[in-house]
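*Asks:* Taken in sequence, the protein lines are chains A and B.
Each position in the first sequence, counted from 1, maps to that position plus 20 in the working numbering.
Each position in the second sequence, counted from 1, maps to that position plus 20 in the working numbering.
Mind having a look at this structure? Questions to follow.
Protein chains: 2
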Amino acid sequence: MSELATTPEPPYYAAIFASLRSIDDAGYALTAERMLELAAQQPGFLGVDSARDASGLGITVSYWRDLDSISAWRRHAEHTAARQAGRARWYRCFTLRIARVERAHRFEAE
Amino acid sequence: MSELATTPEPPYYAAIFASLRSIDDAGYALTAERMLELAAQQPGFLGVDSARDASGLGITVSYWRDLDSISAWRRHAEHTAARQAGRARWYRCFTLRIARVERAHRFEAE
């Protein structure tokens with residue numbers, strides 16, 4: 021079972037990406053995995069949580085030190101190409117929200 | 021297939037709840053559904069996106085007009101009881117982050 025992202029004390033930023041898949045193909049899964057791997061190598065990356073349910077609705081929340089880190093990742097060539105493929109083929113609908121995390125709380129069962 | 025939340029122009033707030041389930045029982049599903057229904061009736065509620073993958077990792081992001089709306093929902097008696105049950109029985113780990121949404125973008129395929 022995967023673990024939840026561990027982040028430093030706020031403030032920091034969250035990129036909240038919610039999506040509905042249109043078609044399911046091998047390219048999507050490979051690209052999605054590669055983007056998570058690549059994001060984790062970017063300056064300012066703090067962590068990521070991602071879930072996709074059986075209906076095709078997915079939510080990925082990535083955490084970043086500041087807005088500049090998010091902008092730099094947005095301009096990354098491989099990420100830009102993946103976003104174009106997402107718009108053209110993989111997503112029926114998506115929303116992206118950029119938010120400043122002000123408070124955070126974590127619970128771990130004993 | 022479900023739809024993604026539609027929200028007004030920022031700024032507004034997001035409550036980002038990520039969780040790992042510990043056990044699976046009927047009480048959980050009923051309570052989770054009831055909490056989504058009840059949240060939607062609260063003043064200041066703007067929308068919600070929720071996904072849980074096969075591994076038991078779930079993300080629910082609810083959107084709110086302001087911090088007061090989030091605080092009031094937190095104090096709701098039925099929600100308080102559900103959170104206690106979540107801590108005692110349903111969750112191995114969870115994180116809750118309160119964030120101010122500053123930018124939002126939506127894509128719909130043609």
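Here a beta-carbon is modelled for each residue, glycine too, at the ideal position from N, C-alpha and C.
Being a predicted model, the structure only gives us computed values, none of them experimental.
#1: Helix or strand or just coil, what does DSSP make of B:Asp13?
#2: Taking a cut of 7 Å between CB atoms, which residues from the region 37-62 of chain A lie near chain B?
#3: If we count the other Cβ atoms within 10 Å of its Cβ and call it buried at 16 or more, is B:Ile43 buried or exposed?
#4: Checking 8 Å against the spacing of the C-beta atoms, do B:Ala129 and B:Tyr83 come in under that value?
#5: Return helix, strand or coil for B:Glu130, following the three-state DSSP convention.
#6: If the cut is a Cβ gap below 9 Å, which residues of chain B does A:Leu116 touch?
#7: Answer with yes or no whether the minimum CB distance from B:Ala105 to chain E is below 8 Å.
#8: Using only CA atoms, which one of A:Arg126, A:Gly106, A:Pro28 and A:Ala124 lies nearest to A:Phe65?
#9: Give the list of continuous beta strand (DSSP E) stretches no shorter than 3 residues that lie fully inside the region 25-110 of chain A.
#10: From the DSSP output, read off the bridge partner residues of B:Arg123.
#11: Got a sec: which bits of the region 87-101 of chain B sit with their beta carbon under 9 Å from any beta carbon on chain A, in order along the chain?
#12: Using only the alpha-carbon positions, how far apart do A:Met21 and B:Phe114 sit?
#13: Between the Cα of A:Asp69 and the Cα atoms of B:Glu122, B:Ala46 and B:Gly78, which residue gives the shortest distance?
#14: Put A:Met21 into one of helix, strand or coil per three-state DSSP.
#15: What do you reckon, are the CB atoms on B:Ala102 and B:Ile36 nearer than 8 Å?
#16: Strictly below 9 Å CB to CB, what residues from chain A border B:Arg85?
#17: Please report how far the alpha carbon of A:Ala74 lies from the alpha carbon of B:Ala124, in whole angstroms.
#18: Using 8 Å for Cβ pairs, my map puts B:Arg85 next to B:Tyr32. What's the rounded Cβ distance?
*Replies:* Let me spell this out:
#1: There is no way to answer for residue 13 of chain B, as the model of chain B reaches only from 21 to 130.
#2: Ala38, Leu40 and Ser42
#3: Locating residue 43 of chain B in the second sequence gives position 23, counting from the first residue. Burial call: exposed.
#4: Start at 1 with the first residue of the second sequence, and residue 129 of chain B comes out as number 109. Start at 1 with the first residue of the second sequence, and residue 83 of chain B comes out as number 63. The answer is no: Cβ separation not under 8 Å.
#5: Taking the first residue of the second sequence as 1, we reach residue 130 of chain B at position 110. Note: B:Glu130 maps to coil in three-state DSSP.
#6: As a working note, residue 116 of chain A is residue 96 in the first sequence. Here the neighbours are Arg123, Ala124, His125, Arg126 and Phe127.
#7: Judged by its chain identifiers, the structure shown contains no chain E, and its protein chains are A and B.
#8: Residue 65 of chain A sits at position 45 when you count from the first residue of the first sequence. Answer by Cα proximity: A:Pro28.
#9: 32-41, 65-72 and 77-84
#10: In the second sequence, the residue the question calls residue 123 of chain B occupies position 103. According to DSSP, which records beta bridges pairwise, B:Arg123 is partnered with A:Ile118.
#11: Leu87
#12: For the purposes of this step, residue 21 of chain A is taken as residue 1 along the first sequence, with counting starting at 1. For the purposes of this step, residue 114 of chain B is taken as residue 94 along the second sequence, with counting starting at 1. Its pLDDT being 42, under 50, A:Met21 is placed unreliably in this model, and the coordinates cannot settle the point.
#13: Within the first sequence, residue 69 of chain A is the residue found at index 49, counting from 1. That would be B:Gly78, whose Cα lies nearest to the Cα of A:Asp69.
#14: In the first sequence, residue 21 of chain A corresponds to position 1, counting from 1. Summary for A:Met21: the model assigns pLDDT 42, below 50, so the residue's position carries little reliability; its value from the coordinates is reported in the next sentence. Note: A:Met21 maps to coil in three-state DSSP.
#15: Working through the second sequence from its first residue, we reach residue 102 of chain B at position 82. Working through the second sequence from its first residue, we reach residue 36 of chain B at position 16. No, they are not a contact pair.
#16: By 1-based counting over the second sequence, the position of residue 85 of chain B is 65. Chain A residues near B:Arg85: none, gap ~14 Å exceeds 9 Å.
#17: Counting from one through the first sequence, the residue named residue 74 of chain A turns up at place 54. Counting from one through the second sequence, the residue named residue 124 of chain B turns up at place 104. Distance between the alpha carbons of A:Ala74 and B:Ala124 is about 25 Å.
#18: As a position in the second sequence, residue 85 of chain B is number 65, starting the count at 1. As a position in the second sequence, residue 32 of chain B is number 12, starting the count at 1. About 6 Å; that satisfies the 8 Å criterion.
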